[in-house]
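**Q** First the structure, which I've put down as structure tokens, then a few questions once you've had a look.
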Amino acid sequence: MSHIFPRHSRRSPPMVSHGDGPFLYDTNGKAYFDGSGGAAVSCLGHSDPAVTHAVKEQLNTVAYAHTGFFTSAPAEALADKLIHHAPAGLDRVYLVSGGSEAMESALKLARQYFVERGEPQRRHIIARRQSYHGNTLGALATGGNPWRRDPFAPMLMDTHHISPCFAYRGQRPGETAQTYGLRVADELAEKIEQLGADTILAFVAEPVVGATAGAVPAVPGYFKRIREICDTHGILLILDEVMCGMGRTGTLFACEQDEIAPDICAIAKGLGAGYQPIGAMLCTKEIHETLRAGSGFFQHGHTYLGHPTAAAAALAVLTRLTDDGIAKRVAPMGQRLKESLHGVFANHAHVGDIRGRGLFLGIELVADRTTKAPFDPNLKLHETLKARAFDAGLLCYPMGGTIDGKRGTHILLAPPFILTDAHVDLITTTLETVLGRQALTL
1 MSHIFPRHSR RSPPMVSHGD GPFLYDTNGK AYFDGSGGAA VSCLGHSDPA VTHAVKEQLN
61 TVAYAHTGFF TSAPAEALAD KLIHHAPAGL DRVYLVSGGS EAMESALKLA RQYFVERGEP
121 QRRHIIARRQ SYHGNTLGAL ATGGNPWRRD PFAPMLMDTH HISPCFAYRG QRPGETAQTY
181 GLRVADELAE KIEQLGADTI LAFVAEPVVG ATAGAVPAVP GYFKRIREIC DTHGILLILD
241 EVMCGMGRTG TLFACEQDEI APDICAIAKG LGAGYQPIGA MLCTKEIHET LRAGSGFFQH
301 GHTYLGHPTA AAAALAVLTR LTDDGIAKRV APMGQRLKES LHGVFANHAH VGDIRGRGLF
361 LGIELVADRT TKAPFDPNLK LHETLKARAF DAGLLCYPMG GTIDGKRGTH ILLAPPFILT
421 DAHVDLITTT LETVLGRQAL TL
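Following our numbering, the residues of the sequence shown are numbered contiguously, the last one being 442.
Written out as structure tokens, the structure reads:
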């Protein structure tokens, strides 16, 4: 009998044996193509020798030293390399152990920044409905997914939410993509006016919405308008790139494609590629210098900040992505995968939308393509599809609640950047088996 407390207490998953490239193997020898990279984590696959070597070498030197006493060479080098490649203005790196920690750090930094500027009345966070920003209480409160929030609602701080930029679901007939983007972006200005600009800390958003809505990119111009609104009112822009960053969408930072830069940015997942738990919060020099000139102390912290072994792994991952050019494969391979999906599912009765950027793609499933009506949530279609794909040897990331946290179904794909044309075909043909050639059979 296992004493592990699993997330799904009624399931007994097989035991993983080993990983090799984009495949994982169970102890019975069955191979599974990692079509979702776990949760968009394993961007380099499961046996990268350079990263494995870096971890072993660091363990031979020093595994851990608390940042209350020491810095370390891998942490310093990782921070330098991240800032070298980061959007303009980002200047400091705060290394943590994952995405939720990175977002919690971002929220608390935003608050302390304004306190030290003499603006303690700033307390409100604005985010978007159908967003996800982590599972710690502050990050969970910021997220806009009812299914995740509702059980813990009495414990959550008050936050405010506006519409997502979700063209497939929100764009009106006759409305251009640009007009739609400006309309939903201007909801931020309306919310600011309602709350009072001098009471707001930050606006928080994912450049490409991940698991909650299924790889939904903003339309062109949306984030430029958001940046403009934030600047007008002196509000910080926090971008959550935990899932969509580190090359996943075709550029190292997802916001590069929206031609903006945030004041604070959270990254994780692909930063460590699964080889070590790590995340990071990046901020501008102005924010850092405000704290340095004031209290001189960020009133926040975790035990494993700047963990040397995790930093060594992430530095090796980042080197592979940048210096070795692996991140450059994402855009062309993503286009190849998207074209393959369109080729097979363009006329499928229950595929409503195929979307995303790079190797971060979503397939939204509908009961009726014309009306975009979702399947009955009681069917728990996402669970059926995940099980079918798993049995067929494909790991993918189906989710329910795409539309409002309760209705809607999508499949998220986030395969390792090392995939080949043969792997693209494997993904598509396996999904054809799972979804049916022309229609779903339930």
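Ideal Cβ placement from N, Cα and C applies to all residues, glycine included.
Would you report the Cα separation of Ala392 and Thr371, rounded to the nearest angstrom?
**A** Taking the straight line from one Cα to the other gives about 31 angstroms.
**Q** In terms of residues, what are the limits of the alpha helix (DSSP H) holding Cys165?
**A** No alpha helix (DSSP H) contains Cys165, which DSSP labels as neither H nor E.
**Q** Might you give, ordered along the chain, the residues of its own chain that have their beta carbon closer than 8 angstroms to the beta carbon of Pro87, omitting 5 neighbours on each side?
**A** Only Phe253, Cys255, Glu256, Ile260, Ala261, Pro262 and Cys265 meet the Cβ criterion.
**Q** Is it buried or exposed for Ile226, if we count other Cβ within 10 angstroms and need 16 for buried?
**A** Buried, by the Cβ-count rule.
**Q** Please check the pair Thr309 and Leu59, which I expect to be a contact at CB under 8 angstroms, by giving their CB distance rounded to whole angstroms.
**A** Correct: roughly 6 angstroms between the Cβ atoms.
**Q** When DSSP labels each residue in this structure, what does Val184 get in the three-state scheme?
**A** DSSP places Val184 in helix when its eight states are reduced to three.
**Q** Suppose the cutoff is 6 angstroms on Cβ atoms and the five residues either side in sequence are ignored; what does the same chain contact list for Trp147 look like?
**A** Correct list, in chain order: Gly401 and Gly405.
**Q** Helix, strand or coil, according to DSSP, for Leu282 in the structure here?
**A** Looking at Leu282 - three-state DSSP - the assignment turns out to be strand.
**Q** What's the C-alpha gap between Ala177 and Pro332?
**A** One C-alpha to the other measures close to 24 angstroms.
**Q** May I ask you to report which of helix, strand or coil DSSP gives Val219?
**A** Reduced to three states, the DSSP call for Val219 is coil.
**Q** From Leu431, Glu364, His423 and Thr420, pick the residue whose C-alpha is nearest to that of Met469; which is it?
**A** Outside the displayed span of the chain (1 to 442) sits residue 469, for which this structure offers no information.
**Q** Using three-state DSSP, classify Ala373 as helix, strand or coil.
**A** Strand at Ala373.
**Q** Whole angstroms is fine: what's the gap from Arg117's alpha carbon to Leu435's?
**A** If I take the Cα positions, the gap works out to 55 angstroms.
**Q** Inspect the beta-carbon positions of Val219 and Gly174 and report whether they are closer than 8 angstroms.
**A** No. Outside cutoff.
**Q** Roughly how many angstroms lie between the CA atoms of Met15 and Arg92, to the nearest whole one?
**A** Rounded to the nearest angstrom, the two C-alpha atoms are 40 angstroms apart.
**Q** Residue range of the beta strand (DSSP E) that Gly362 falls in?
**A** That run of the beta strand (DSSP E) goes Phe360 to Leu365.
**Q** Is it true that the CB of Met246 sits closer than 8 angstroms to the CB of Leu444?
**A** With the chain covering only 1 through 442, there is no way to say anything about residue 444.
**Q** With DSSP collapsed to three states, give me the class of Cys396.
**A** Correct three-state label for Cys396: coil.
**Q** Suppose contacts are defined by Cβ-Cβ distances below 8 angstroms. Is Ser295 in contact with Ala205 by that definition?
**A** Their beta carbons are not under 8 angstroms apart, which means Ser295 does not touch Ala205 by this criterion.
**Q** For Leu431, does the count of other Cβ atoms within 10 angstroms reach 16, so buried, or fall short, so exposed?
**A** Buried: at least 16 other Cβ atoms inside 10 Å.
**Q** What is the rounded straight-line gap between the Cα of Ala189 and the Cα of Ile238?
**A** Each residue's alpha carbon lies about 16 angstroms from the other.
**Q** Just tell me which of Met155, Asp376 and Lys191 has its CA closest to the CA of Arg135.
**A** Residue identity differs from the one stated: residue 135 is Asn in this sequence, not Arg. Here the closest residue by C-alpha is Met155.
**Q** Classify Phe5 as buried or exposed, calling it buried when 16 or more other Cβ atoms lie within 10 Å of its own Cβ.
**A** With fewer than 16 Cβ atoms within 10 Å of its Cβ, Phe5 is classed as exposed.
**Q** Just to check my reading of the structure: Ala293 and Val51 have Cβ atoms closer than 8 angstroms, yes? What is that Cβ distance to the nearest angstrom?
**A** Actually they are not in contact, since the Cβ atoms of Ala293 and Val51 sit about 38 angstroms apart, beyond 8 angstroms.
**Q** Over what stretch of residues does the alpha helix (DSSP H) that includes Phe70 continue unbroken?
**A** Here Phe70 belongs to no alpha helix (DSSP H), and DSSP marks it neither H nor E.
**Q** What number of angstroms, rounded off, separates the C-alpha of Ile267 from the C-alpha of Val96?
**A** Their backbone Cα atoms lie some 10 angstroms apart in a straight line.
**Q** Under the three-state reduction of DSSP, which class applies to Ala213: helix, strand or coil?
**A** Here Ala213 sits in coil by DSSP.
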